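*Asks:*
2 protein chains.
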Amino acid sequence: MIDRMHLRILREIERQGSLTAAAKALHLTQSALSHTIKKLEAQLGAPLWTKEGRNLQLTQAGEYLQREASRLLPQLERVDQVLRQYASGDKGTVRIGMECHPCYQWLLKVVEPYLKRWPGVDVDVKQQFQFGGLAALFNHDIDILVTPDPVLRDAITFDPVFPYEQVLVVSKDHPLAGETFIQPVQLADQTLYTYPVSPERLDIFQQFLLPAHCHPKRHKTLEDTDMILQMVAAERGVATLPQWLVEEYAQTMPVAAVRLGKDGVHKHIHLGIRNASADDVHIQTFIEFARQQDINAGV
Amino acid sequence: MIDRMHLRILREIERQGSLTAAAKALHLTQSALSHTIKKLEAQLGAPLWTKEGRNLQLTQAGEYLQREASRLLPQLERVDQVLRQYASGDKGTVRIGMECHPCYQWLLKVVEPYLKRWPGVDVDVKQQFQFGGLAALFNHDIDILVTPDPVLRDAITFDPVFPYEQVLVVSKDHPLAGETFIQPVQLADQTLYTYPVSPERLDIFQQFLLPAHCHPKRHKTLEDTDMILQMVAAERGVATLPQWLVEEYAQTMPVAAVRLGKDGVHKHIHLGIRNASADDVHIQTFIEFARQQDINAGV
DNA sequence: ACATTCCATGAACAATAGTAATGGTTAAAT
DNA sequence: ATTTAACCATTACTATTGTTCATGGAATGT
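Protein chains in written order, with my numbering: chain A, -9 to 289; chain B, -9 to 289.
See the structure below:
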């Protein structure tokens, strides 16, 4: 009953704000659109819009349909894209999403040689998710999720591809800079900079501070890795980052890494995929490639 | 480009096995189907089937499209259903999925009075999920997930609605039947019956046996609660169940409950919903209703 | 009050999708 | 080997649906 065109109409009227503009965007006349809408509403037996003055206001049913449209249409468009790629040989697109900020740095290193090795495959990288990376994976917005926090569930498989150590970053002149490792209490008089995510998802809290019932003097958040490191370099506080990333930054900035606890905090970057897409060639090759890359990089 | 009808064709040909039968199922002539397919393949620039003898064989692209069809069509059909319900007043359907076997018993008690209280709302209960309950929730196969194991994620909200204690069930004549509680070691010479799910998802292992590095003498699995209790009653082994459920069974069977550890293993049944559907009236009222129900039942 | 923008409508037309009839091919039944 | 039945493709024709054109009314801003 509800056809793809109906969904497109809903979406386009929302985007354009008016029926006339939507018609143009859909390569139709205003009249055609008006007719189609009237017919649809007759079929449904309920209006989708009410006329408020000279523009339209969605009814409750209309709002529902619009939400579904913005959810389903991208999936249908993806189907088109994939089919076009089937038709034009073995070209493909792998859509990769990331949840953690430093993952991006790692991904850059993997994607570049991957694109060279597989010229027929495109890579789409997405970072912003309305409902988080896992939802994006389930909703078929992305095909691979890069994350340090795998979740054990039937439908999703996580594959550890890159081991790294999470370390404390401090200014080179900081009192802690000389230590080989620190204890949780040593952060009690420090200002800690992190990305703006809830403490439950920050390893420094979950795996280091909370088990020892410690907490930093202050906890501040900043969006951007560079900004955080600026603050650390300026001795305004400390932060945590992957060790390999600190090494890189240390070449150009006065910062140093210190191990968290005697044994360190060890993590893996995981690649998560839907089990249903496990036999997709491009996804398979990407994961394999990523894992091999790390054998070289994971020194 | 790909239209709903195309997806229906793919699905129906799979279901019926032949083009002629599919045409009949779609209320079309065989000829019409043949035409539509030819046109679609021309548009795509690639065949979706190859003729193997007198029946059809899907190409790779065809297989992909078929998978997408069986994924997307149910969602489109749900949209139809909801819109029909909008048209016919405030009727609605809440689709509930369950991951844990005993959840079903609890749900039965909640659904019955709920249906009486809200005659306009239907409840669909589903128990089998190809990729697990969480995936079903993400895929819009269900609207509410009943589970004892919430997962913290952006897109999903879990709401604890019913507290219960997980206990050991033993035969009335079993040596352990007299104890007020048992220690993990006391299961070392017992046969343990559970549902056929992996030990990581069984509280008896995760919260009781593994922390004490114990394990039962034997671990057997059975599909069905009644069957498990039969085995327990016949002194073939022990099992774990929610305490309130054991109480019920104890009225008709020679079984008794024993606390797990000094403090017991305490759990909650959670209701999980997509954040995007948090303002759906029917879903809201169901959760509210479920929570109130438990105040009475949760003795 | 007037121009402008927006949406609705009816009639005419064009495009699309559907049917009927037929024929060729394949696989099973006699 | 021949017949029978099932399946799919094709052509020509028809019905339905979608689209445009031309027009009019209703709301907004100047």
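Every residue gets a Cβ at the ideal spot worked out from N, C-alpha and C, and that includes glycine.
These figures come from a predicted structure and were not determined experimentally.
So is B/Val289 buried or exposed if we call it buried at 16+ other beta carbons inside 10 Å?
*Replies:* The predicted position of B/Val289 is uncertain, since its pLDDT is 43 and thus under 50; no value can be drawn from it.
*Asks:* Can you check whether the C-beta of A/Gly82 is within less than 7 Å of a C-beta belonging to chain B?
*Replies:* Chain B, which has no Cβ nearer than 7 Å to the Cβ of A/Gly82, makes this no.
*Asks:* On the CB-based measure, 16 or more other CB atoms within 10 Å of its CB, does B/Ala268 come out buried or exposed?
*Replies:* Classification for B/Ala268: exposed.
*Asks:* Can you find at least 3 beta carbon pairs, one from the region 77 to 92 of chain A and one from the region 130 to 140 of chain A, that sit closer than 8 Å?
*Replies:* yes
*Asks:* If distances are taken between C-alpha atoms only, which option among B/Lys106, B/Thr137, B/Ile277 and B/Arg107 comes closest to B/Lys116?
*Replies:* Closest option to B/Lys116, Cα to Cα, is B/Thr137.
*Asks:* Helix, strand or coil, according to DSSP, for A/Met88 in the structure here?
*Replies:* strand
*Asks:* Between which two residues does the alpha helix (DSSP H) holding B/Pro64 run?
*Replies:* Gln50 to Ala77
*Asks:* For A/Asp139, name the three-state secondary structure that DSSP assigns.
*Replies:* coil
*Asks:* Using only the alpha-carbon positions, how far apart do B/Tyr239 and B/Gln173 sit?
*Replies:* 24 Å
*Asks:* Spell out a yes or no on whether the region 144 to 157 of chain A and the region 245 to 257 of chain A are touching, meaning 3 or more CB-CB pairs, one atom from each, closer than 8 Å.
*Replies:* Output reads yes: the region 245 to 257 of chain A touches the region 144 to 157 of chain A.
*Asks:* Between A/Tyr185 and chain B, is the shortest Cβ-Cβ distance under 7 Å, so that the two count as touching?
*Replies:* no
*Asks:* Fully enclosed by the region 193 to 231 of chain A, which beta strand (DSSP E) runs are 3 residues long or longer?
*Replies:* With a minimum length of 3 residues, the continuous beta strand (DSSP E) runs that stay inside the region 193 to 231 of chain A are 208 to 211.
*Asks:* Chain A beta carbons: is any one of them nearer than 7 Å to that of B/Tyr94?
*Replies:* Not one chain A Cβ lies under 7 Å of B/Tyr94.
*Asks:* Counting contacts by CB-CB distance shorter than 7 Å, is A/Phe279 in contact with chain B?
*Replies:* Between A/Phe279 and chain B, the shortest Cβ-Cβ separation is not below 7 Å.
*Asks:* Quick one: list the residues of chain B neighbouring A/Met(-9), beta-carbon separation under 7 Å, in chain order.
*Replies:* Counting only Cβ-Cβ distances below 7 Å, A/Met(-9) has contacts in chain B at Asp70, in chain order.
*Asks:* Hey, quick one: how far does the alpha helix (DSSP H) through A/Arg1 stretch, first residue to last?
*Replies:* Arg(-6) to Gln6
*Asks:* Between which two residues does the beta strand (DSSP E) containing B/Gly110 stretch?
*Replies:* Segment: none, B/Gly110 is in no beta strand (DSSP E) and carries neither H nor E.
*Asks:* Pick helix, strand or coil for B/Ala246, following the three-state DSSP scheme.
*Replies:* strand
*Asks:* Looking at the C-beta of B/Ala77, does it have a partner C-beta in chain A at a distance below 7 Å?
*Replies:* yes
*Asks:* Identify which residue in B/Arg57, B/Glu53, B/Leu55 and B/Val69 has its Cα closest to the Cα of A/Ala59.
*Replies:* Nearest of B/Arg57, B/Glu53, B/Leu55 and B/Val69 to A/Ala59, Cα basis: B/Val69.
*Asks:* Going along chain B in order, which residues have a C-beta closer than 7 Å to the C-beta of A/Glu190?
*Replies:* Think of a sphere of 7 Å around the beta carbon of A/Glu190: the chain B residues whose beta carbon falls inside it are Leu142, in chain order.
*Asks:* What separation, rounded to the nearest whole angstrom, lies between the Cα atoms of A/Trp96 and A/Phe119?
*Replies:* 19 Å
*Asks:* Does the beta-carbon distance from B/Ile194 to B/Thr230 come in below 7 Å?
*Replies:* Yes, the Cβ-Cβ distance between B/Ile194 and B/Thr230 is below 7 Å.
*Asks:* Tell me the DSSP secondary structure of A/Gly288 in three-state form.
*Replies:* Reliability fails at A/Gly288, whose pLDDT of 44 lies under 50, so the model's placement of it is uncertain and no value is given.
*Asks:* For B/His260, count the other beta carbons within 10 Å of its own beta carbon; 16 or more makes it buried, fewer makes it exposed. Which is it?
*Replies:* buried
*Asks:* Sorted by chain position, which residues of the same chain lie with C-beta nearer than 8 Å to B/Leu9's C-beta, five sequence neighbours on each side aside?
*Replies:* Ile3, Gln20, Leu23, Ser24, Ile27 and Leu46
*Asks:* Between A/Leu124 and chain B, is there a C-beta pair that is closer than 7 Å?
*Replies:* yes
*Asks:* Compare the beta carbon distance of B/Ala51 and A/Leu73 with 7 Å and say whether it is the shorter of the two.
*Replies:* yes
*Asks:* Exposed or buried, what is A/Lys257 when buried is set at 16 or more other beta-carbons lying within 10 Å of its beta-carbon?
*Replies:* buried
*Asks:* Would a check of beta-carbon distances place A/Gly262 closer than 7 Å to chain B?
*Replies:* No, no contact with chain B.
*Asks:* Identify the continuous alpha helix (DSSP H) that holds B/Lys29 and give its terminal residues.
*Replies:* Gln20 to Leu34
*Asks:* Return the residue from the list A/Cys204, A/Val228, A/Ala145 and A/His203 that minimises the CA-CA distance to A/Thr211.
*Replies:* A/Val228
*Asks:* Verify the CB distance criterion: does B/Glu89 have a CB-CB separation below 7 Å to chain A?
*Replies:* no
*Asks:* Apart from the five residues just before and just after B/Glu235, which ones in its own chain have a Cβ nearer than 7 Å to its Cβ?
*Replies:* Correcting the residue type first, residue 235 of chain B is Leu in the shown sequence and not Glu. Result list for B/Leu235: Pro92 and Gln95, in chain order.
*Asks:* What's the gap between the Cα of B/Ala77 and the Cα of A/Gln33?
*Replies:* 10 Å
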